Amino acid sequence: MLLPPFARIKRMIGIVCMLAVAAAMTPAPTNAQDDAKNEVYPLAVFPFQERGRDVSELGNQVTDLLFASLVVNPDLYLVEREDLAKLIDEQQLNVSGMVNPASATKVGQLTGAKILVAGSVLEVNDKLYLVAKVIGTETSRVFGASVKGNVGDDLDILAEQLGEQVGKTIIERASELVAEVVSREDRIAKLKKQMGDGQRPTVYISVDERHVGQATIDPAAETEVSLFCRELGFKVIDSQSGSKADADVLIVGEGFSEFATRHGNLQSVKARLELKAVHRETGEVIAIDRDVAIGVDLTEQIAGKTALQEAAADIATRLLPQLVETKSKGKRNKNGKKKN
């Protein structure tokens, strides 16, 4: 039935009003919300190896060009080349041998990188091949990327093409390269099962923390380790009001965080944490551990706190079971020898 003109106009106005109200009630995502959903993958690019008579010095050039290509990718955070070189020197690591799945976990722990990229420059029958391996430090999964050209071709173009392939591989294979985030509750549940009914020592925890360039709001790493200890059944002596003399084991160390880079509205912060567990009476060092983590958030302060918390959780997962083993093996006398 055809409505009169006035009725049709009135009905259309009603529909428009309803649509306007519905649109107003649906919150439009802000840029910050969009950015917060974006995952940023910490990545380390290792020096490329050279294989062939006419590729001398091309390895370093390709490494530099690939780094330059990847560093502008908003989905990636690249570990600084200087930090990587320092790590290689400190740990006396062999570049060609450490970028394999077996050693990827250690490299990731020491650099904060969740993904490693390494590769080779090959010369075969006047053809030039740039071959890259993309390795997940948490999953040990390996994927490849490669480009081909002629000896004498412009390396800039080949390296840029390789960078595009590597970036695409990381995004498309992220779920296989990067492990799913494990909640604190799940970590603790797994540790409880691992540690069983072993007797827990009383611990005193003290961690010096600072954020480069800004005041530290609260001790994020110390709080995280304390939380793990309490949830796992350790008696924790408060570092502010308690006494070291009441503890069996001292967990001490230092951590710092510093601004790394900005991705749109998001800020990346790198944190480094070192902890050691010491038998209070004997001074025996039971365990030493360190970790590097990357935090991403809208504010630099929160990103730094997140990074320190993640590093602390990783160390607690590895270090605390060693304290239970030490306690269960028997107390030690002042000379560090076990008592029968």
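Taken in order, the sequence shown gives residues 684 to 1023; the numbers are from our numbering.
From the three backbone atoms N, C-alpha and C, an ideal C-beta is built for every residue, glycine too.
Note that the structure is a prediction, hence the values are computed from the model and not measured.
Closest by C-alpha distance to residue i, when choosing among the options
i     : options                   : result
L874  : L958, F917 and G850       : F917
P1004 : M878, E993 and E740       : M878
A801  : D901, K810 and V825       : V825
G827  : N808, T982 and I853       : I853
D929  : E964, K959, L741 and V865 : E964
G735  : A943, E806, E765 and F911 : E806
E941  : K797, V723, D758 and A954 : A954
G938  : E967, I998, G742 and R913 : I998
G850  : E859, Y812, E957 and V754 : V754
N743  : K876, A872 and A842       : A842
S823  : D836, E859, S829 and D839 : E859
L956  : D836, E967 and R973       : R973
G950  : A970, S922, G925 and V979 : A small fix is needed here, since residue 950 is Gln in this sequence, not Gly. For Q950, the nearest C-alpha among the options comes from V979.
M876  : T1000, E733 and D921      : Inspection of the sequence shows that residue 876 is occupied by Lys rather than by Met. Selected option, being the one with the closest Cα: T1000.
V1007 : H962, Y760, A904 and G925 : H962
V745  : S829, V895 and S926       : S829
L838  : T982, K988 and A751       : A751
L726  : I840, L749, D836 and A960 : L749
E855  : A960, K831 and D758       : D758
D836  : V738, E993, T989 and E733 : V738
V762  : T982, E993, L981 and V952 : V952
Y724  : A857, E993 and E905       : A857
Alpha-carbon spacing of residue i relative to residue j, whole angstroms
i     : j     : result
Y756  : V908  : Inspection of the sequence shows that residue 756 is occupied by Asn rather than by Tyr. Approximately 34 angstroms, taken between the alpha carbons.
D747  : V790  : 20 angstroms
A995  : K810  : 48 angstroms
F795  : E847  : Residue 795 is actually Gly in this sequence, not Phe. Each residue's alpha carbon lies about 23 angstroms from the other.
G881  : L915  : 11 angstroms
V932  : E892  : 20 angstroms
V1026 : A815  : Residue 1026 cannot be examined here, being either before or after the span of the chain that is shown, 684 to 1023.
F729  : L799  : 7 angstroms
R945  : L910  : 31 angstroms
Q792  : I818  : 14 angstroms
L813  : S786  : 23 angstroms
L741  : V834  : 11 angstroms
R870  : S803  : 38 angstroms
K1014 : L958  : Caution is warranted here: a pLDDT of 49 is assigned to K1014, below 50, making its placement in the model unreliable, and the coordinate value is therefore given only provisionally. Spanning the two alpha carbons is a distance of roughly 22 angstroms.
L991  : D901  : 11 angstroms
Y887  : E765  : 36 angstroms
G936  : K797  : 24 angstroms
Q984  : R867  : 21 angstroms
S922  : A903  : 14 angstroms
I969  : L1002 : 9 angstroms
A711  : E722  : Note that A711 scores a pLDDT of 40, beneath 50, so its modelled location is shaky and nothing firm can be said.
S924  : P884  : 19 angstroms
V975  : C912  : 21 angstroms
A943  : K769  : 17 angstroms
L845  : G896  : 37 angstroms
A960  : I971  : 7 angstroms
N948  : T982  : 9 angstroms
I840  : Q732  : 19 angstroms
T989  : K831  : 42 angstroms
Y760  : L767  : 14 angstroms
I977  : E905  : 18 angstroms
E993  : N808  : 49 angstroms
T788  : A872  : 22 angstroms
beta-carbon residue i near the ligand MN non-hydrogen atom, thresh 7 angstroms
i    : result
L793 : Because no ligand of any kind appears in the structure shown, any question about the ligand MN cannot be addressed here.
For residue i: DSSP bridge partner residues
i    : result
G802 : A815
P725 : Y760
R824 : DSSP, once it has assigned bridges, lists no residue as partnering R824.
V919 : V886
E733 : V804
K789 : According to DSSP, K789 bridges with nothing at all.
K833 : A small correction: the amino acid at residue 833 is Asn; Lys does not occupy that position in the sequence shown. Its beta-bridge partners are K810.
Integer-rounded CB distance, given that residue j should sit under 8 angstroms from residue i
i    : j    : result
V864 : E821 : V864 to E821, Cβ: 10 angstroms. No contact.
G987 : H894 : 5 angstroms
S926 : I920 : 7 angstroms
Unbroken stretches of the beta strand (DSSP E), 3 residues or longer, contained in the segment 848-897: For the segment 848-897, whole beta strand (DSSP E) runs of length 3 or above, ordered along the chain, are 885-894.
Segments of 3+ residues assigned as beta strand (DSSP E) that fall wholly inside the segment 927-1000: DSSP runs (the beta strand (DSSP E)) wholly in the segment 927-1000: 932-946, 949-962 and 968-980.
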